[in-house]
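Heads up: the sequence shown runs through residues 1 to 264, numbered per the working numbering.
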Amino acid sequence: MSQPTGRRAELGAFLRARREQLVRADHGLPPAGRGRTVGLRREEVSYLSGVSVTWYTWLEQGRDINPSQQVMDAVSRVLRLDDAGRRYALSLAGLPPSSALDEPLTGELPAHVQHLLDALGDNPAFALTPDWRIAGWNAAYERLYPNVARIPAADRNLLRVVFTDPAVRTLLADWPETSRRFLGEFRAETAARLADPDLRAFVDRLREDSPEFREGWARHDVQGFTSRERVFHHPDAGLVRYEHHQLRPSDFPGVQIVAYTPVA
């Protein structure tokens, strides 16, 4: 049999290298022959991951097989791959990089992300989680939309405030167009999780609370994000114009930073 080349060979070498570096005690395993404390056998990875020995062996041999997302996730978990390693293995296996974009942010917004928001100074900016919860903002954004600090944290969701906060309708000079765009973007970004009970509950509640959302949701519009000009009725400055931008930190791709820069 010819030696495997390309992605499959690299996947096999990568998995083997990671397996041979694992500490046995971390997996509840005793030392192997001659007191070896580092490195798992293929059979042990197979047992811990629930993947057959034959299938896992083929992966390490670089065979031309098509492992599923579930198989690669299970192997990645046992091999203790971090997010970068997991995404690398998925890419080598011919699968789309895992949806770190969809993974919920647990706990507080990372401090360095908040530092970035604050560093934007007079440019309003805020951070969204994958379910569009507003997880952080800077002082300029609070001056633009003071209610962000007043509404309960449980209701501090961008889509919800757009459709239910009367202050937002006053703030947005083009509320019908912007609300339609936001709904389409939300639907596109959450497509992989629309069966999630928490997301379904959020949508159902918003359908009850907003006739406009209910009507828009029934249209099934889908839209990708595009940078564009946004017009606001600023509480103090009057009519102001910004360009609307989206950024994602490489180390927290599930966090979406939305920043407004002045239009010259």
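Positions of the beta carbon are idealized from the N, C-alpha and C atoms, including for glycine.
Those runs of the alpha helix (DSSP H) which lie wholly inside the region 24-102 and span at least 4 residues
42-49, 53-61, 69-78, 83-92
Check whether residue 163 and residue 148 have beta carbons under 9 Å apart
no
DSSP state of residue 252 mapped onto helix, strand, coil
coil
Nearest-angstrom Cα separation, counted from residue 166 out to residue 257
24 Å
With DSSP run on the structure shown, which of helix, strand or coil describes residue 11?
helix
Under a three-way DSSP split, which group does residue 260 fall into?
strand
Threshold first: 3 residues or longer. Then list the beta strand (DSSP E) segments lying entirely within the region 160-186, N to C.
none
Helix or strand or just coil, what does DSSP make of residue 150?
coil
Residue 231 by DSSP, collapsed to three states: which one?
strand
Quick check: what's the CA-CA separation for residue 91 versus residue 6?
12 Å
Exposed unless 16 or more other CB atoms sit within 10 angstroms - verdict on residue 130
buried
Check residue 156 in the structure and name its three-state DSSP category.
coil
Please report the residue range of the beta strand (DSSP E) in which residue 239 lies.
238-247
Whole angstroms are fine: how far does the CA of residue 140 sit from the CA of residue 120?
9 Å
Given a cut-off of 9 Å, decide if residue 231 and residue 172 are closer than it, judged by their beta-carbon atoms.
yes
Determine the DSSP secondary structure at residue 191, reduced to helix, strand or coil.
helix
DSSP three-state call for residue 216: helix, strand or coil?
helix
Distance, Cα to Cα, residue 128 vs residue 223?
17 Å
Kindly confirm or deny that the region 75-94 and the region 16-32 touch, where touching means at least three C-beta pairs closer than 8 Å.
yes
Could you check the C-alpha separation between residue 186 and residue 132 for me, to the nearest Å?
8 Å
For residue 38, count the other beta carbons within 10 Å of its own beta carbon; 16 or more makes it buried, fewer makes it exposed. Which is it?
exposed
Anyone know if the C-beta pair for residue 15 and residue 60 falls short of 9 Å?
yes
C-beta neighbour in chain C for residue 74, strict 9 Å:
Of the protein chains in the structure, only one exists, and it is not chain C.
Excluding sequence positions up to five away, which residues of its chain have a Cβ less than 8 Å from the Cβ of residue 255?
105, 109, 110, 113, 127, 128, 129, 135, 248, 249
Quick one: what's got a C-beta closer than 7 Å to residue 234's C-beta in the same chain, skipping five residues either side?
144, 240
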